[in-house]
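Participant:
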Amino acid sequence: MLTSHTSQSSESANNNHNSDHILSNLNGDTATIPPTSTTNQINSSTSPPSNSTNSPVPYGELVILGYNGCLPQGEKGRRKSKYQLVRRFIPNGIKKSIHYSVKQPQTTKAIQDKERHSISFTLSRSQAIIVEYQHDDEKDMFQIGRSSENPIDFVVIDTMMYDTKVPLNGAAPNRHLNPSQSMVNPSTQIAIPYQTPLSTPATSQHSLSAIKLPQQSTISRFACRILIDRKPPYCARIYAAGFDSSKNIFLGEKSTKWQVDGEIDGLTTNGILIMHPSKPIISDKVFKEEQHQHNNQQQPIVIDETFGSGGVWREVSVCGEIYSVRETRSASQKGVKIEHETNVLQDGTLIDLCGATLMWRSAAGLARSPTKRHIEEMIDQLNASRPQCPVGLNTLVIPRRSASLGASDDKQPYVYLKCGHVQGYHDWGQSKHSNARTCPMCFKSGPIVRLSMGTEPSICISSGPPNFAFNPCGHMASEATVSYWSQVQIPHGTNGFHAMCPFCATPLHGECGYVKLIFQ
């Protein structure tokens, strides 16, 4: 939902409705499609939809990793699992105007004027640098943060992580963590039950303690802002820190800041990190091949193409410059400036707010991506093949939603994480001394987990069939999707990184972090 300033509240209400309508169609939802829209599961255009008098131009969307398309408590107001950015009816962009030094910033006219944007860099108790901004009608500004105040367009709170200290029968610990690094940051995360590898349905909900760890959010109330050109190619740039209700940004005396050639810049306390993909996350080769098969009424397949593991994490400053990450998240010493990199968002750029990680998808990138409808059709096709449990000989059903089948339902499929064989729930091969089970097909011993579909299309890397599952959570996805995300390191804690399932934020286990599914 868009939340604009007071002067444009009436227009933004209409803008909200139209933006959700347009991009829900772009993502394949079942809303009524205007006559000018395509009904294909995979959109036929690689460019953002053109502007019309009735339809705002979609810029793209931000999706939070770990929610699989819906927040646990439901999508409410500006708190959603993803947020669509569209061109505003009234531009609210800004650009630098003047800067000057003052002794008492709180008494400065620019700070007191609630209609003027400004940033205050406090150097000492008796000196501060004020940077004033003026209106830029060629750009739109969107703000992200934990605050629910009006200036924030997309309200983001800390993503709940899962304590992975579960009995995995000697399974290797997370392959991306040093032994000294914690799997869960006690100051920011919550330990809650999840679909752990299990021995019986009854124990699946008790493999973890449901006691909440002490939580203190590390996401800034006004974390960052994105400015987007209102004209093609709709270039989007990200900046650390957002303006509060008085249109001010304050960097205190202890914050990291510096002056170079008369220009001042700084970093926020916990920093805003970004990672551009090393190459397009969905290549034109994959898109054209999948679309050709779709037009010929054939089932899309995975193109045999190596996908990059993302780029390098950088930190973006308040003024949009790019630096190497600090030694720890809140260290006072800034990193090295990276001259050849910019704050321009690319399709697939990850944005870490220190507590939640977002993915930017451009409108052009979404047009090349699978849709929710396409994912549901792949599930239906898989179920139409009537996969069977080799022990109980009962037909298995891949659920569209994780909770649609109970853990003990005889139709619920499970996967043996050591070998990938998919079976129903049964007691054969259960160890009396551990949670391990022996697969009746290959006799490998290890944990099992319920299978569920990764249904958030924005984080799917291809339209290929869901023949793979993340280890240990069991979320199904295409080979390209599991391969890509198993190689992407997501920040956690003060200086740790790990690969995680993008659908539930569970840290990955095993040699590669996923398993190939073998259906009977």
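According to my numbering, the sequence shown is numbered sequentially starting from 1. Where a beta carbon is used, it is the ideal one built from N, C-alpha and C, also for glycine.
Secondary structure at N383, three-state DSSP: helix, strand or coil?
Facilitator: helix
Participant: Can you say whether F443 is buried or exposed, counting buried as having 16 or more other CB atoms within 10 angstroms of its CB?
Facilitator: exposed
Participant: Starting from T481 and walking both ways along the alpha helix (DSSP H), at which residues does that stretch end?
Facilitator: 479–487
Participant: How far does the alpha helix (DSSP H) with Q73 in it reach, from first residue to last?
Facilitator: No alpha helix (DSSP H) contains Q73, which DSSP labels as neither H nor E.
Participant: Grab the span of the beta strand (DSSP E) containing G266 for me, first residue to last.
Facilitator: 263–266
Participant: Of the choices R146, V316, I94, S431, whose alpha-carbon is the least far from that of I219?
Facilitator: Ranking R146, V316, I94, S431 by Cα distance to I219 puts R146 first.
Participant: Using the three-state DSSP reduction, which class does G424 fall into: helix, strand or coil?
Facilitator: coil
Participant: Is the separation between the beta-carbon of S452 and that of P399 shorter than 9 Å?
Facilitator: The answer is yes: Cβ separation under 9 Å.
Participant: Give me the residue from P232, T349, D265, L267 with the minimum Cα distance to P280.
Facilitator: Looking from the CA of P280, the closest CA among P232, T349, D265, L267 belongs to T349.
Participant: Please work out which residues of its chain come closer than 8 Å, Cβ to Cβ, to C70, disregarding the five sequence neighbours upstream and downstream, and give them in chain order.
Facilitator: S81
Participant: Could you tell me the distance, in whole angstroms, from the CA atom of I98 to the CA atom of H117?
Facilitator: CA-to-CA, the gap between I98 and H117 works out to about 11 Å.
Participant: May I ask you to report which of helix, strand or coil DSSP gives H374?
Facilitator: helix
Participant: Please work out which residues of its chain come closer than 6 Å, Cβ to Cβ, to I152, disregarding the five sequence neighbours upstream and downstream, and give them in chain order.
Facilitator: Q143, G145
Participant: Is it buried or exposed, K384, if we count other Cβ atoms within 10 angstroms and call 16 or more buried?
Facilitator: First, the amino acid is wrong: residue 384 is Ala here, not Lys. Result: exposed.
Participant: Is it buried or exposed, Y484, if we count other Cβ atoms within 10 angstroms and call 16 or more buried?
Facilitator: buried
Participant: Report back the beta-carbon spacing between G424 and L396 to the nearest angstrom; my notes put them in contact at under 8 Å.
Facilitator: 6 Å
Participant: Which whole-angstrom value describes the C-beta separation of E61 and G93, a residue pair presumed to lie in contact below a C-beta threshold of 8 Å?
Facilitator: With 8 Å as the limit, E61 and G93 do not qualify as a contact, their Cβ atoms being about 19 Å apart.
Participant: Can the beta-carbon of Y414 be found closer than 9 Å to that of I379?
Facilitator: Not a contact, by the Cβ cut-off of 9 Å.
Participant: Does the beta carbon of N435 fall short of 8 Å from some heavy atom of the ligand ZN?
Facilitator: Absence of the ligand ZN from the depicted structure is noted, as is the absence of any ligand whatsoever, leaving it without description.
Participant: Can we say the region 97–115 touches the region 230–241, given the rule of at least three CB pairs closer than 8 Å?
Facilitator: no
Participant: Applying the criterion that 16 or more other CB atoms from any shown protein chain within 10 Å of the CB defines a buried residue, is W258 buried or exposed?
Facilitator: exposed
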